[in-house]
Amino acid sequence: MYQRSADMDLAPGDFVHVIGDAHVCRTRVTPMEEQLQKLPKPFPILMTNTQKKDVDSFVAADFKLIGYDPHQKIGMKMAV
Numbered sequence: 003m004y005q006r007s008a009d010m011d012l013a014p015g016d017f018v019h020v021i022g023d024a025h026v027c028r029t030r031v032t033p034m035e036e037q038l039q040k041l042p043k044p045f046p047i048l049m050t051n052t053q054k055k056d057v058d059s060f061v062a063a064d065f066k067l068i069g070y071d072p073h074q075k076i077g078m079k080m081a082v
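If you count the sequence shown from 1, you need to add 2 to reach my numbering.
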């Protein structure tokens, strides 16, 4: 994610992540191939406490993730 400036009065829109140097280390090629074979699952829904208006007043309990169903973990070794 790159953010040069921001207007805070706009409605939420798309999140675009720009990567300047994307790479896959040798130790991660097989796990990445396994991950690419998995079919995407439906996106979860993030529910927030809509009664709060001050962003600094939110705590973890004010957020609920509904319908999160991840695939099983795929282990990847750290390249050193």
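Quick reminder that beta carbons are idealized off the backbone N, C-alpha and C, glycines included. Keep in mind that this is a model prediction, so the values were computed, not measured.
- Rounded to whole angstroms, the gap between the alpha carbons of Glu-36 and Pro-14 is 33 Å.
- Taking C-beta separations shorter than 8 Å and ignoring five residues to either side along the sequence, the partners of Lys-43 in its chain run Asp-71, Pro-72 and His-73, following chain order.
- The beta carbon of Ile-47 is closer than 8 Å to those of Leu-67, Ile-68 and Gly-69 in its chain, skipping five residues each way along the sequence.
- Per DSSP, Thr-50 lies in no alpha helix (DSSP H); the unbroken beta strand (DSSP E) holding it starts and ends at 47-50.
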